[in-house]
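Note sheet for the following structure.
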Amino acid sequence: MKPLIEFIAKSIVDDPTEVWVHEEERGRNVQLELSVAEEDMGRVIGRKGSVANAMRTLLRVSAMRQGKRASLDIV
264 MKPLIEFIAK SIVDDPTEVW VHEEERGRNV QLELSVAEED MGRVIGRKGS
314 VANAMRTLLR VSAMRQGKRA SLDIV
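Below, the structure written as structure tokens:
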């Protein structure tokens with residue numbers, strides 16, 4: 264799931280070297296934290312959070328296929 268979020272984020276931002284994803288697994292629950300450069304934060308969040316919500320939806324679908332639950336925080 265971490266590679267999925269990294270790929271999406273690196274495709275969106277201007278500076279892909281600043282993309283950082285931390286994954287923490289607790290049983291069936293997976294918590295991901297996405298960090299990008301300050302100037303790219305608006306691109307990752309999108310208008311009214313549309314891009315962030317789309318990333319969370321894709322992540323949830325991917326996790327469900329693996330029998331897990333996942334959440335994404337943008338820090």
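At position 20 of the sequence shown the residue is numbered 283 (the working numbering), and the sequence of numbers has no breaks. Note that CB positions come from ideal geometry on N, CA and C, so glycine has one too.
Taking C-alpha atoms, which residue in the options lies nearest to residue i?
{"i": "Ile275", "options": "Arg289, Ala315 and Leu322", "result": "Ala315"}
{"i": "Ala317", "options": "Lys331, Gly290 and Asp336", "result": "Asp336"}
Can you grab the Cα-Cα spacing for the pair residue i / residue j, in whole Å?
{"i": "Arg306", "j": "Val338", "result": "13 Å"}
{"i": "Leu321", "j": "Arg310", "result": "18 Å"}
{"i": "Gly330", "j": "Glu269", "result": "21 Å"}
On the DSSP bridge assignment, give the partners of residue i in chain order.
{"i": "Gln294", "result": "Glu287 and Ser334"}
Using the beta-carbon count (16 or more within 10 Å), is residue i buried or exposed?
{"i": "Val284", "result": "buried"}
{"i": "Met264", "result": "buried"}
{"i": "Val324", "result": "exposed"}
Are residue i and residue j touching if we call contact CB-CB under 8 Å?
{"i": "Asp272", "j": "Val299", "result": "It should be pointed out that residue 272 corresponds to Ala in this sequence rather than to Asp. It is a contact, given that the beta carbons lie within the stated cut-off."}
{"i": "Glu301", "j": "Leu295", "result": "no"}
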